[in-house]
Amino acid sequence: MVSEVRYRPWGEERYNRGALSTRYTYTGQYSHLAEFGLYFYNARWYSPTLGRFVSADTVIPPGVQGLDRYGYVNNNPVRYNDPTGHCPWCIVVSAVLIVLKAVDYGWTAYDAWQSTRTLSDPTATDSEKAFAATNLAMTVAFEAAEPDDEIPLGLPLDDLARHGIIKLGKETGEEAAEQGFKSFTARNFRENLMRLTGKSADEVADLEAHHVFPQALEKDFQKLGIENIHDPRLGSWVDPTAHRHWSYSYNREWEMFLERKPSSEEIFNFAKQLAKKYEFDIYFR
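Take 685 as the starting number for the sequence shown in the numbering used here and just add one per residue.
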């Protein structure tokens with residue numbers, strides 16, 4: 685015997701013909717319409733008359749519709765169905781959106797922190813500070829333009845775009861820098877110091893390129909935020925004989941000072957004091 689049942693969008697029977705051989709009807713859910721007018725969705729009971737569940741969902745789906753915890757399939761039964769009463773795809777989507785939002789906010793916060801750090805670094809070049817200031821301004825502008833309040837989605841597209849623009853600017857600057865300093869390494873320190881001070885090889889032939897921050901303590905300085913002690917601005921020309929005379933006591937003073945875990949500002953102020961004490965020039969502000 686052939687039987688047929690047609691439904692309205694929310695599950696109310698619109699037409700039926702013949703006797704059904706199963707109780708699994710609308711969207712495959714067990715029907716108790718004859719007894720008390722509800723469908724059993726495994727986790728909850730659903731009323732086709734109301735178009736709503738009779739108890740709140742324990743899982744909160746994303747989006748504005750998800751705030752209605754009694755709602756059925758985001759109030760769109762023509763497009764969606766809910767086989768468990770929990771909307772399992774909502775769980776997956778929610779997890780993905782949470783991860784994306786965390787990446788978006790985390791990336792933005794880290795970038796802003798790095799830029800602020802660069803702006804307060806006395807060894808940072810003018811171009812580095814300019815890029816940092818630009819990055820901060822773009823962070824505010826791009827975050828404001830992101831439609832986070834309109835959709836439950838936090839893609840880090842603004843961060844990707846901002847990094848692309850900053851990278852392009854840096855590459856352009858680096859091409860120009862190729863005509864100036866070499867990479868800031870111990871091996872290039874003397875040559876870079878010559879370029880910085882405008883000295884020729886003959887003029888400094890009898891002088892030593894002195895690291896204001898001792899190389900023996902390089903790792904200690906890095907832990908305290910001084911990332912590269914081979915920056916030529918952290919160097920000075922000194923007499924070799926005088927250097928050998930006071931280098932041990934100079935390094936020892938730094939060792940004792942760094943044990944206090946000073947801030948970057950305190951480190952540079954101490955360097956200025958030592959420069960005055962040991963009578964050598966400094967090239968950082």
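Glycine included, C-beta positions come from ideal geometry on N, C-alpha and C.
Practice problem: Would you decide whether residue 686 is buried or exposed? Buried here means 16 or more other CB atoms lie within 10 Å of its CB. | Solution: exposed
Quiz item: Nearest to residue 881 by alpha carbon, out of 699, 924, 967 and 797?
Solution: Taking only the C-alpha atoms, the option nearest residue 881 is 967.
Exercise. Return helix, strand or coil for residue 885, following the three-state DSSP convention.
Key: It is coil, neither helix nor strand.
Self-check item: Limits of the unbroken beta strand (DSSP E) element including residue 921
Solution: 919–922
Quiz item: Which whole-angstrom value describes the C-beta separation of residue 898 and residue 930, a residue pair presumed to lie in contact below a C-beta threshold of 8 Å?
Solution: Between residue 930 and residue 898 the Cβ distance is about 12 Å, and since that is not below 8 Å, they are no contact.
Self-check item: Length of the line joining the Cα atoms of residue 704 and residue 724
Solution: Straight-line Cα distance between these residues: approximately 17 Å.
Exercise. Check whether the Cβ atoms of residue 715 and residue 728 sit closer than 7 Å, and answer yes or no.
Key: no
Quiz prompt | Top-ranked residue by Cα proximity to residue 906, from 922, 948, 944 and 717 | solution = 948
Quiz prompt | Residue from 925, 924 and 913 whose Cα sits closest to the Cα of residue 955 | solution = 913
Quiz item: How far does the alpha helix (DSSP H) with residue 865 in it reach, from first residue to last?
Solution: That residue, residue 865, is in no alpha helix (DSSP H); it is neither H nor E in DSSP.
Exercise. Report the rounded CA-to-CA distance for residue 877 versus residue 790, giving the unit in angstroms.
Key: 38 Å
Quiz item: From what residue to what residue does the beta strand (DSSP E) around residue 724 run?
Solution: It spans 722–724 - the beta strand (DSSP E) in which residue 724 sits, taken as one unbroken run.
Exercise. Would you list the residues sitting across from residue 735 in a DSSP beta bridge?
Key: The partner list for residue 735 (beta bridge, DSSP) is empty, contrary to what the question assumes.
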